[in-house]
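Worksheet: one structure, shown below.
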Amino acid sequence: MTEQLVSDHQHVNIGELEVTIRPITPEDKEIEASFVHNLSLQTKYERFFEGIKDLSPSMVTVLCNIDYINTMAYIATVDSPDGEKEVGVCRYAASDKPGECEMAITVADEYPYEEIATVLLNALVKHAKSNNVKKLFSTDLSTNYRMHKLAKHFGMTAKIHPEDSALTTYTLHL
């Protein structure tokens with residue numbers, strides 16, 4: 001199954017942009033690190049809930065070494081003069097409850113968030129269903145309007161986090 005996933009590339013046109021959607025691999029450490037490095041401070045804060053400049057090498061390794069069942073990630077890439085460039089990522093990781101996974105979606109600031117996030121999330125949902133995931137959830141800053149709009153588009157439920165009113169938990173039942 002892993003070999004099939006690694007070769008599972010989807011090419012989509014988003015406006016004038018040619019985007020490849022594919023599973024992340026351990027060989028993607030450099031483009032993953034560069035992707036996060038180039039995010040705005042606001043986008044980094046929305047993703048990691050803290051101000052970071054760069055991912056540590058160990059964190060990059062964790063994010064790129066997925067098992068395709070309990071952890072999964074799809075990246076969106078474009079061709080650039082310097083080679084392949086990551087412009088978005090959508091991932092899940094199993095929670096402590098069977099059939100439930102926490103997800104995260106991030107798109108580079110200079111690219112169309114909703115369009116890229118939608119294609120990435122569709123790929124992740126399809127994969128999650130094939131692995132008997134019943135629920136995907138994401139905890140985000142309540143001020144993250146892009147995630148709120150995406151969640152609404154996908155029909156996710158939204159609830160204020162019980163321990164922190166600055167957070168909203170979005171849930172997608174599969």
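All residue numbers for the sequence shown refer to UniProt numbering, where the first residue is 1 and numbers rise by one.
Just so you know, even glycine gets a beta-carbon here, dropped at the ideal spot from N, CA and C.
No experiment lies behind these values; they were computed from the predicted model shown.
By Cβ distance below 6 Å, which residues in the same chain neighbour residue i in space, the five residues on each side in sequence not counted?
{"i": "Gln4", "result": "Per-residue confidence for Gln4 stands at a pLDDT of 45, beneath the threshold of 50, marking its modelled position as unreliable; the derived number appears in the next sentence. Within the same chain, Gln4 has no close Cβ partners at all."}
{"i": "Lys44", "result": "Ile52"}
{"i": "Cys64", "result": "Ile24, Pro26, Asp28, Lys29, Glu32"}
{"i": "Met72", "result": "Ile66, Tyr92, His127"}
Which whole-angstrom value describes the C-beta separation of residue i and residue j, a residue pair presumed to lie in contact below a C-beta threshold of 8 Å?
{"i": "Tyr74", "j": "Ile21", "result": "6 Å"}
{"i": "Ala33", "j": "Val60", "result": "5 Å"}
{"i": "Val125", "j": "Leu174", "result": "6 Å"}
{"i": "Ala94", "j": "Val107", "result": "About 24 Å; that fails the 8 Å criterion."}
{"i": "Cys90", "j": "Leu121", "result": "5 Å"}
{"i": "Lys134", "j": "Thr171", "result": "That pair is no contact at about 11 Å."}
Determine which residues share a DSSP beta bridge with residue i and list them.
{"i": "Leu121", "result": "The partner list for Leu121 (beta bridge, DSSP) is empty, contrary to what the question assumes."}
{"i": "Asp164", "result": "His161"}
{"i": "His11", "result": "Thr20"}
Mapping DSSP to helix, strand and coil, what is residue i?
{"i": "Ala108", "result": "coil"}
{"i": "Lys29", "result": "helix"}
{"i": "Leu174", "result": "coil"}
Excluding five sequence neighbours on each side, which residues of the same chain lie with their C-beta closer than 7 Å to the C-beta of residue i?
{"i": "His37", "result": "Asp54"}
{"i": "His161", "result": "Thr139, Leu167, Thr168, Thr169"}
{"i": "Glu84", "result": "Ile31, Thr77"}
{"i": "Ile14", "result": "Pro112, Glu115, Ile116"}
Can you find the residues in the same chain that come closer than 8 Å, C-beta to C-beta, to residue i, ignoring five residues on each side of it along the sequence?
{"i": "Met1", "result": "Note on Met1: pLDDT 39, under 50, position unreliable in the model; the coordinate value appears next. Around Met1: Tyr68."}
{"i": "Pro98", "result": "none"}
{"i": "His9", "result": "Thr20, Ile21, Arg22"}
Let me check you understand the geometry: is the CB of residue i closer than 7 Å to at least one non-hydrogen atom of the ligand HEM?
{"i": "Asp82", "result": "In the structure shown, the ligand HEM is absent, as is every other ligand, since no ligand is present at all."}
Exercise for review: Could you name each continuous beta strand (DSSP E) segment of 3 residues or more that falls completely within the UniProt domain "N-acetyltransferase" (19–157), going from the start of the chain to the end?
Suggested key: As far as the UniProt domain "N-acetyltransferase" (19–157) is concerned, its whole beta strand (DSSP E) runs of at least 3 residues are 71–80, 83–94, 100–107, 135–141.
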